[in-house]
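Take 2 as the starting number for the sequence shown in this note's numbering and just add one per residue.
All C-beta atoms in this analysis are idealised placements derived from N, C-alpha and C, irrespective of residue type, glycine included.
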Amino acid sequence: MLNIQTSQEKELVQRVQRGDRKAQYIMYKQYIDAMYHTVLRIMNNSTDAQDVVQECFVKVFEKIHSYRGDATIGAWIKRIAINTAINALRKKKRNLEFSSDEISEARYAEEEDVADNLLSNKKIHDAVLNLPNGCRTVLNLYLFEGYSHKEVATILEITESTSKTQFRRAKILLRDTLKSKYV
């Protein structure tokens with residue numbers, strides 16, 4: 002992973018590490034929107050996403066001394082946001098793994114590119130929001146956030162094959178939903 006961090010970012014991190022409230026506010030303002038959208042895709046609820054983002058930034062400021070600089074500060078904050086969102090889902094006792102019955106019921110089909118459909122982003126976004134939590138979370142982490150299935154498996158504490166299965170199921174459900182509603 003490339004770590005391209007400007008001297009301004011490094012200085013901001015150092016100021017936050019020293020407890021500078023103004024620097025904390027600047028960091029918060031700089032990353033709040035990106036973290037909100039990342040968390041919203043996982044939580045599927047604006048109010049929950051706002052709560053998780055606030056909790057995320059509390060954690061960021063509490064753990065800022067453990068930031069080693071291995072990744073950019075934005076990537077580090079994003080990882081905290083994703084983990085906080087996943088933990089919030091677990092607290093709500095939503096099961097991210099599918100039972101073997103649900104997996105066996107899923108149809109396996111050739112991969113189709115949803116982008117080939119001439120559908121609006123809004124329709125696709127709405128269809129994604131209606132996916133089951135596990136499928137939606139894997140889809141977001143893999144497709145939109147760019148994590149590998151191995152990384153998704155580690156983040157969600159599932160197997161790599163479960164990540165692939167949930168992603169495949171998400172694509173099937175999306176395709177079927179979009180075909181039935183808009184084609």
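Simplified DSSP assignment, three categories, for residue i
i: R69; result: coil
i: Y32; result: helix
i: S164; result: helix
i: N45; result: coil
i: N131; result: coil
i: I159; result: coil
i: S149; result: coil
i: T177; result: Before going on, a small fix: residue 177 reads as Asp here, not Thr. Looking at D177 - three-state DSSP - the assignment turns out to be helix.
i: G75; result: helix
Candidates the options, of which the one nearest residue i by Cα
i: V53; options: D177, E63, M36; result: M36
i: N84; options: D177, L130, M28, A50; result: A50
i: H66; options: T178, V17, Q55; result: V17
i: N88; options: F145, R69, L157, D34; result: L157
i: V139; options: H126, R170, K124, K123; result: R170
Between the CA atoms of residue j and residue i - distance to the nearest angstrom
i: S162; j: I173; result: 16 Å
i: L13; j: A76; result: 15 Å
i: I81; j: A128; result: 26 Å
i: Y148; j: T48; result: 25 Å
i: L90; j: I125; result: 23 Å
i: K165; j: R22; result: 43 Å
i: T73; j: T178; result: 38 Å
Buried versus exposed, by CB contacts within 10 Å (16 or more), residue i
i: Q15; result: exposed
i: V59; result: exposed
i: N141; result: buried
i: H38; result: exposed
i: R42; result: buried
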